[in-house]
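Q: This is the structure I have questions about; it appears just below.
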Amino acid sequence: MTELFSGWQTLTQLELAATLSALAYVLLAMKQSLWCWPAALLSTLLYTHIMWHSALLSDALLQLYYAGMALYGWYSWRQQLQKLPAGQSGMIEWSVGTHVNLITVTALAGCLLGYLMDQYTHADFAYIDAQTTAFSVMTTYLVARKVVSNWLYWVVIDAVCIYVYIQKHLYFTTALFVLYTIIALIGFFVWRSSYQQQQQTQPA
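Note that our numbering has the sequence shown beginning at 46, numbered continuously upward.
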């Protein structure tokens, strides 16, 4: 019993540290701060251990991908800061057709991953976990590319994750994802405003 409590306490402390660093990442990303990516890297390394321990295998793999994207995001945003003229944020937006194609391909990939996880691993919530994983992979790339509508994807992803994490008794993480959902909504309007200002300052 003592060992069980000690293990739970350690996991809870790790979850709290991961939660705080993940929250720092989202807030800094909303402000387009380059320092969001080191915060993301710390969070992903901690969450890799937590998700594996919780038998959310797709999420554990996702965290490793996030670590790689944190390095890519740092490089990409840093390059933009060095190259872009004053008043330009480097934000872009894709067409509705591009988003429809992206959603279709990502959903199919999520179904395939869910089937593999359901059949060949001990993963819980295999199909839901796989879909949030697939869409998180896609959306993180959109963040690194500064696609404005990435925030709308996060609203949906985070809302689904809230249900999963409640079921797994990851309460700090559940609270984090409630905040994520709110921040994602705010982030969309902040980025959209910045994008519109950028469009107005571009030469005709």
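A virtual CB, placed ideally from N, CA and C, is assigned to each residue, including glycine.
To the nearest angstrom, report how far apart residue 96 and residue 60 are at their CA atoms.
A: Approximately 10 Å between the Cα atoms of the pair.
Q: What's the gap between the Cα of residue 218 and the Cα of residue 64?
A: About 6 Å.
Q: Taking the straight line between their C-alpha atoms, what separation do you get for residue 117 and residue 167?
A: Approximately 31 Å between the Cα atoms of the pair.
Q: Confirm, please, whether the CB-CB distance from residue 225 to residue 114 is below 8 Å.
A: Contact flag unset, no.
Q: When the Cα atoms are used, what is the spatial distance from residue 197 to residue 58?
A: Taking the straight line from one Cα to the other gives about 30 Å.
Q: Closest to residue 171 by C-alpha separation, out of 239, 68 and 106, would be which residue?
A: Of 239, 68 and 106, the residue nearest in Cα terms is 106.
Q: For residue 181 versus residue 202, is the C-beta distance shorter than 8 Å?
A: Taking 8 Å as the Cβ cut-off, residue 181 and residue 202 qualify as a contacting pair.
Q: Using a Cβ-Cβ cut-off of 6 Å (strictly less than) and excluding sequence neighbours within five positions of residue 237, which residues of its own chain qualify?
A: Same-chain partners within the cutoff: 193.
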